[in-house]
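For reference, the structure discussed in these notes is given below.
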Amino acid sequence: MLTNLFNKEYPEFWKKYNDSFKRKATKYVVISMETSGLDTEKDVIMGIAATSVVGNRILIKDSFELFIQHGKEKTDELANEFITVSKFDKLSEEQALINLLGYLDNAVLIGHRINFDIEMINECLHRMKLGKLKNEAFDIEAMFNKWVDTNDTPYSLEDMSKQLKISISERNSVSDDAYSIAILFLKLKEKLGIQ
1 MLTNLFNKEY PEFWKKYNDS FKRKATKYVV ISMETSGLDT EKDVIMGIAA TSVVGNRILI
61 KDSFELFIQH GKEKTDELAN EFITVSKFDK LSEEQALINL LGYLDNAVLI GHRINFDIEM
121 INECLHRMKL GKLKNEAFDI EAMFNKWVDT NDTPYSLEDM SKQLKISISE RNSVSDDAYS
181 IAILFLKLKE KLGIQ
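Reminder that position 160 of the sequence shown reads as 160 in full-length UniProt numbering, one-by-one numbering, no gaps.
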């Protein structure tokens, strides 16, 4: 019995994702998610957007956006009309995660309150009977706290952009948020002297 547990055959996409960590990461991936709520066990991911940052450049052409189809019982509870009435094609949760992991590879993740995003993704992976994300991650709110020398103070994207004197988008979609986070990340990276 124990040998079956340790000799489990994982899907090819999961093996490829794990193998990517044998190489050094060459890019950052900024991620933003729309969820049905803040409970990582009960709520679900509705949309994910990501964009790559290499060096000091945001690679718009290398962006990623998808929306996830959930059963009727989940969508009835949603307050965000943008996602609920969206005409975008939607993927199953499993296909969305396969696409996301293929995009992420071994990149360093960047986000606003990134630990929540990681927990939500890990819950999806758990439902697929897989392991957890292995990517290193940086949170722009933690970076901002370090820059302004505060300790665990919550800052919205708007708060940070005002203090950094940069303009960000109107935040109408998860893609807008990912791009705004990428701009803030580049500014904070410069302020903190991160290569």
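For every residue, glycine included, the Cβ atom is placed at its ideal position computed from N, Cα and C.
Three-state secondary structure (DSSP) of residue i
i, result
"Ser175", "helix"
"Gly102", "helix"
"Arg113", "coil"
"Leu192", "coil"
"Ala25", "coil"
"Lys90", "strand"
"Val85", "Bear in mind that a pLDDT of 44 at Val85, under 50, signals an unreliable position, so the number given afterwards is only what the model happens to contain. In this structure, Val85 counts as coil in the three-state DSSP scheme."
"Ile45", "strand"
"Met120", "helix"
"Met143", "helix"
CA-to-CA distance, residue j to residue i, given in whole angstroms
i, j, result
"Glu190", "Tyr17", "30 Å"
"Trp14", "Leu104", "12 Å"
"Lys61", "Ile181", "16 Å"
"Gly71", "Leu192", "44 Å"
Bounding residues of the beta strand (DSSP E) (the contiguous stretch that carries residue i)
i, result
"Lys59", "The sequence given here has Leu at residue 59, not Lys. Taken as a continuous stretch (DSSP letters only), the beta strand (DSSP E) holding Leu59 covers Arg57 to Ile68."
Distance CB(residue i)-CB(residue j) smaller than 7 Å
i, j, result
"His112", "Glu141", "yes"
"Met33", "Ile68", "no"
"Arg110", "Tyr28", "Position check: residue 110 holds Ile in this sequence, whereas Arg was assumed. In contact: Ile110 and Tyr28 (Cβ atoms closer than 7 Å)."
Opening and closing residue of the alpha helix (DSSP H) in which residue i lies
i, result
"Ala137", "Looking at the DSSP string, Ala137 is not in any alpha helix (DSSP H); the run it does join, the beta strand (DSSP E), is Ala137 to Asp139."
"Tyr17", "Glu12 to Asp19"
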